[in-house]
Amino acid sequence: MTIALHEILKIRILDAIRSVQPPGGWKVVVVDEASLKIIESACKMFDILEEKVTLVENLEKPRQAYQSLDAVYIITPTYESINKVIEDRKNGPLYAGVHLFFTSRPDDRLLHMVDISLPKEYMRQRHDLFIEFHAKEAHVYSFESPSSFFKLYSPADTEFDNELRIIAKKLLSVCISMGENPLIRYQRSLDSDHATKALPYKLAMLVQNELDSYVRLNPGFPPQDSPRPRGILFIVDRTIDMYAPFLHEFTYQAMANDLLPIENGHKYEYNYTGEDGTQATKEAILDESDKIWVEIRHKHMKDCIDKLMKDFNEFLTDNQGFAEKDKAVNLNDMKKMLATLPQFQNMKEKFSVHLNIAQECMSLFERERLAETATMEQNCATGHTADGAHPKTLVEDMVPLLDNPVVSSLNKTRMLMLYIMYKNGILEEDRRKLLAHARITLEENDALNNLTLFGIKLLRASKNIKKNKKYRQKPSDDIQYEISRYIPRLKLVIESHINGQIDHTAYPYTKDPTGDPDGSKGTQQGPVSLRSARAGWYKKGQAVENRVGRIIVFVAGGVTYSELRSAYEISENEKLKKDVVIGSTHIITPQQFVDDLKVLRTRGYAQPPVQPQFQQPQLQQPQLQQPQLQQPQLQQPQLQSTPPQLPPRQGLPPKPDNAPNYYIQPQPQSQQQQQNRYYPGGPVVDMVDINKDIHLLDIPKDNQAIKHKLKLHMAMEYHQINQINQINNMLIFKNHLRLVHHHQQVHQNLNLNFLKSLVNIKLILF
Numbered sequence: 047m048t049i050a051l052h053e054i055l056k057i058r059i060l061d062a063i064r065s066v067q068p069p070g071g072w073k074v075v076v077v078d079e080a081s082l083k084i085i086e087s088a089c090k091m092f093d094i095l096e097e098k099v100t101l102v103e104n105l106e107k108p109r110q111a112y113q114s115l116d117a118v119y120i121i122t123p124t125y126e127s128i129n130k131v132i133e134d135r136k137n138g139p140l141y142a143g144v145h146l147f148f149t150s151r152p153d154d155r156l157l158h159m160v161d162i163s164l165p166k167e168y169m170r171q172r173h174d175l176f177i178e179f180h181a182k183e184a185h186v187y188s189f190e191s192p193s194s195f196f197k198l199y200s201p202a203d204t205e206f207d208n209e210l211r212i213i214a215k216k217l218l219s220v221c222i223s224m225g226e227n228p229l230i231r232y233q234r235s236l237d238s239d240h241a242t243k244a245l246p247y248k249l250a251m252l253v254q255n256e257l258d259s260y261v262r263l264n265p266g267f268p269p270q271d272s273p274r275p276r277g278i279l280f281i282v283d284r285t286i287d288m289y290a291p292f293l294h295e296f297t298y299q300a301m302a303n304d305l306l307p308i309e310n311g312h313k314y315e316y317n318y319t320g321e322d323g324t325q326a327t328k329e330a331i332l333d334e335s336d337k338i339w340v341e342i343r344h345k346h347m348k349d350c351i352d353k354l355m356k357d358f359n360e361f362l363t364d365n366q367g368f369a370e371k372d373k374a375v376n377l378n379d380m381k382k383m384l385a386t387l388p389q390f391q392n393m394k395e396k397f398s399v400h401l402n403i404a405q406e407c408m409s410l411f412e413r414e415r416l417a418e419t420a421t422m423e424q425n426c427a428t429g430h431t432a433d434g435a436h437p438k439t440l441v442e443d444m445v446p447l448l449d450n451p452v453v454s455s456l457n458k459t460r461m462l463m464l465y466i467m468y469k470n471g472i473l474e475e476d477r478r479k480l481l482a483h484a485r486i487t488l489e490e491n492d493a494l495n496n497l498t499l500f501g502i503k504l505l506r507a508s509k510n511i512k513k514n515k516k517y518r519q520k521p522s523d524d525i526q527y528e529i530s531r532y533i534p535r536l537k538l539v540i541e542s543h544i545n546g547q548i549d550h551t552a553y554p555y556t557k558d559p560t561g562d563p564d565g566s567k568g569t570q571q572g573p574v575s576l577r578s579a580r581a582g583w584y585k586k587g588q589a590v591e592n593r594v595g596r597i598i599v600f601v602a603g604g605v606t607y608s609e610l611r612s613a614y615e616i617s618e619n620e621k622l623k624k625d626v627v628i629g630s631t632h633i634i635t636p637q638q639f640v641d642d643l644k645v646l647r648t649r650g651y652a653q654p655p656v657q658p659q660f661q662q663p664q665l666q667q668p669q670l671q672q673p674q675l676q677q678p679q680l681q682q683p684q685l686q687s688t689p690p691q692l693p694p695r696q697g698l699p700p701k702p703d704n705a706p707n708y709y710i711q712p713q714p715q716s717q718q719q720q721q722n723r724y725y726p727g728g729p730v731v732d733m734v735d736i737n738k739d740i741h742l743l744d745i746p747k748d749n750q751a752i753k754h755k756l757k758l759h760m761a762m763e764y765h766q767i768n769q770i771n772q773i774n775n776m777l778i779f780k781n782h783l784r785l786v787h788h789h790q791q792v793h794q795n796l797n798l799n800f801l802k803s804l805v806n807i808k809l810i811l812f
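FYI, in the numbering used here the residues of the sequence shown are 47 to 812.
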């Protein structure tokens with residue numbers, strides 16, 4: 047039995063607190079927001095208070111002075127946190143002394159800042175804990191950094207190299223905490239043209255340099271008496287498997303996080319029946335302390351329901367007074383019977399959480415026709431049907447689902463993405479037809495287009511062009527459920543490494559393993575102190591049990607729940623004798639991944655869906671300061687605080703003084719060639735092109751109110767564009783599309799030709 051990752055992290059944190067032994071024995075612990083989240087991922091508050099800690103305080107908040115107690119600072123190595131520690135002493139020290147523990151090693155500038163600001167008699171000790179990660183589960187770690195996805199993959203972001211350095215330091219913390227100086231393998235992209243194809247290589251080399259530097263400064267690391275052979279660190283990016291983020295998973299944990307509003311993967315609100323029969327909303331924490339959750343989270347939903355029913359009926363049989371009751375045969379029976387057991391409150395709460403999750407998931411499964419959707423998805427992802435045949439009717443199977451209003455727009459988008467990836471690009475005409483059936487939103491279409499940033503080919507010019515050979519999964523005889531046939535590619539890669547069948551060209555080492563290609567013979571030497579990150583998480587009695595190699599996996603840009611499950615499945619396979627720990631910048635769900643893809647090219651952050659509307663860009667934003675501002679045509683009078691005096695056209699009276707900001711001049715009946723003018727608080731906007739575009743909308747003649755409203759909206763936007771015409775053309779065009787999408791919702795008869803006409807819009811601005 048291997049020790050859990052959160053237990054390793056917990057021991058390191060408590061060892062640091064325990065190492066502080068002031069004369070009075072009691073101390074105060076001070077943490078910042080980031081370090082508190084790391085600590086909470088492994089420890090309960092009770093665990094910390096048990097170490098003679100009087101209280102735990104937040105560094106960012108005002109605190110009372112305890113000048114008779116020493117303070118244990120556990121903080122992240124940032125300028126803000128270190129400056130707060132220094133300020134605690136400026137107006138008289140808050141504490142008798144300071145014991146400073148950083149979650150990772152600060153840079154030299156910050157260390158110098160500490161040394162010159164805190165005298166040695168006040169700062170009793172300073173150590174680097176190397177705990178810069180969150181222990182999510184027994185075999186799962188995370189950096190809880192969703193923004194890394196944009197920094198690594200967005201072409202509009204400039205923080206790529208800096209983000210890699212930050213991730214490398216955090217991976218160093220993972221390795222040191224587990225007492226590993228692993229061999230490093232990385233994914234090499236052989237057939238992709240995406241911009242970040244060198245990401246795994248660059249990150250692997252940075253991690254290798256960090257490890258080499260640490261080992262050089264700490265000759266006692268890694269510990270000599272470790273019972274394990276030398277581990278392996280696998281570094282891959284999201285392109286290793288682009289099917290996994292979009293597929294519907296029907297194992298308990300993955301399905302619940304895909305379909306239900308579970309916060310951060312473990313907070314779930316549900317309706318609960320109390321002892322008095324009243325309904326209440328409760329919050330459940332789905333973590334390692336929930337034994338039912340741990341036991342069923344990686345089982346298929348059908349198996350989970352069978353397991354819950356079996357355990358519940360066994361409980362009825364084991365308790366006198368219930369043996370004569372009829373057994374529960376379905377979830378509804380179980381829910382009704384739970385309501386009649388007020389004397390078994392703990393058991394009732396334990397089962398109620400998972401009963402609600404299972405019921406909600408199965409209700410959505412039936413309502414959204416996920417069985418048909420999943421069959422289509424599996425055929426695309428595996429490249430074959432449940433019978434092992436080549437799928438020949440994908441389009442025929444998909445179109446009815448795309449036309450069905452019951453199928454959500456998100457599920458249609460996922461289906462289209464999987465189909466296009468399977469086909470390695472489709473014809474433009476075919477794509478247009480599929481989009482017409484699906485009617486996905488403009489934002490979802492952006493997500494589809496942004497797949498090209500991961501090397502996905504969306505279009506091909508002709509059916510006769512030979513398709514590139516793509517990865518296809520071999521049919522397996524071990525698959526129990528037809529809608530769960532796909533095996534994450536990451537699992538197959540790790541298993542091929544263990545079996546010695548991996549492609550060394552596709553997954554090379556950063557260093558020549560020299561007689562130890564699988565990491566099974568690595569030796570680890572020398573003792574190590576707290577300063578050199580003592581790895582004391584193993585016990586003498588575990589030497590025989592733990593004689594298995596450890597594989598640490600890191601997926602840059604998000605890891606899926608199906609890939610987390612794969613790590614557990616390999617670890618639990620006694621024949622493989624490997625302990626797999628998997629992690630990423632963050633854990634993703636299909637909804638989150640699609641939302642992030644929507645704004646990836648513009649480096650935005652996904653927000654909850656809102657009604658599309660025009661948002662006026664802010665001129666003070668740095669990205670709007672373009673060199674084009676110096677061009678002569680940009681020197682427009684509309685930037686003045688008051689409207690300029692413009693010479694009126696012949697036959698048009700001047701704008702009245704009390705006219706509203708957007709004012710339509712009366713049109714002279716004798717001069718049809720003179721068009722309406724708008725005065726949007728500044729320059730005049732000619733309506734010639736606007737009227738042409740309105741004409742394309744094919745609005746009924748008797749509905750002039752809508753036509754008038756559209757004119758007003760479009761003139762407003764044209765004026766805004768004139769004010770900010772230094773903005774990138776792509777941004778302007780996208781704002782136009784969002785405005786058109788809004789108009790389409792106002793009036794259902796809008797002609798889609800207006801979208802095409804936007805490309806040729808010409809603004810006549812005076």
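Every residue, glycine too, gets a C-beta built ideally from N, C-alpha and C.
What you are looking at is a predicted structure, and each value in this text was computed from that prediction instead of being measured.
For Q110, there is no enclosing beta strand (DSSP E), as DSSP gives it neither H nor E.
Residue pairing by DSSP places L279 opposite I230, I598 in a beta bridge. In the structure shown, K248 falls within a helical segment according to DSSP collapsed to helix, strand and coil. The beta carbons of L305 and L410 sit about 5 Å from each other, so the pair counts as a contact at 8 Å.
Looking from the CA of G629, the closest CA among H483, E490, E609 belongs to E609.
The three-state reading of DSSP puts S617 in helix, counting H, G and I together. Secondary structure note for E209: it is in no beta strand (DSSP E), and the uninterrupted alpha helix (DSSP H) holding it is 206-223.
Going by C-alpha positions, I308 is about 5 Å away from Y314. In the structure shown, R478 adopts helical secondary structure according to DSSP, grouped into three states. Per DSSP, T635 lies in no alpha helix (DSSP H) and is assigned neither H nor E. Within a 10 Å sphere around the beta-carbon of H294 sit 16 or more other beta-carbons, which makes this residue buried. Taking K98 as the centre and dropping the five residues before and after it, the same chain places the C-beta of G71, W72 closer than 6 Å to its C-beta, in chain order. Taking each of A80, A330, V76 in turn and checking the Cα distance to T100, the smallest one comes out for V76. Secondary structure of Q325 (DSSP, three-state): strand. Taking the C-beta atoms as reference points, H543 is found no nearer than 7 Å to S188. Taking a C-beta distance under 7 Å as the contact criterion, V131 and Y141 do not qualify as a contact pair. In the assembly as shown, V452 is an exposed residue. Its beta-carbon has fewer than 16 other beta-carbons within 10 Å. CA-CA distance, K83 to E334, rounds to 17 Å. Between S81 and T149, the C-beta spacing is below 7 Å. Note that the stretch 252-260 touches the stretch 207-216; at least 3 beta-carbon pairs, one per stretch, sit closer than 8 Å. The three-state reading of DSSP puts M288 in coil, since its state is none of H, G, I, E or B. Bridge partners of G143 according to DSSP: D116. The shortest C-alpha to C-alpha distance from D207 to any of I548, A244, V645 is the one to A244. Following the DSSP letters along the chain, one finds K166 in no beta strand (DSSP E), marked with neither H nor E. The straight-line gap separating the alpha-carbon atoms of R284 and E106 is approximately 36 Å. In the three-state reduction of the DSSP assignment, H173 falls in the strand class, which pools E and B. Here V445 carries a helix assignment [DSSP, helix/strand/coil]. Boundaries of the beta strand (DSSP E) around T100: 99-104. By the Cβ criterion, the stretch 163-177 is not in contact with the stretch 191-206, since fewer than three pairs of Cβ atoms, one from each stretch, lie closer than 8 Å. 7 Å or more divides the Cβ of H185 from the Cβ of A602. Sequence-distant partners of I548 (beyond 5 residues in either direction) whose C-beta falls short of 6 Å from its own C-beta, in its chain, are S542. Under the three-state reduction of DSSP output, T487 falls in the coil class, being neither helix nor strand.
By the 16-neighbour rule on beta-carbons within 10 angstroms, N496 is buried. Looking at the backbone, the Cα of D492 and that of K345 are separated by about 35 Å. Short of 8 Å from the beta carbon of I85, and not among the five residues preceding or following it, lie these beta carbons of its own chain, in chain order: I59, V77, I94, I120. In the assembly as shown, R231 is a buried residue. Its beta-carbon has 16 or more other beta-carbons within 10 Å.
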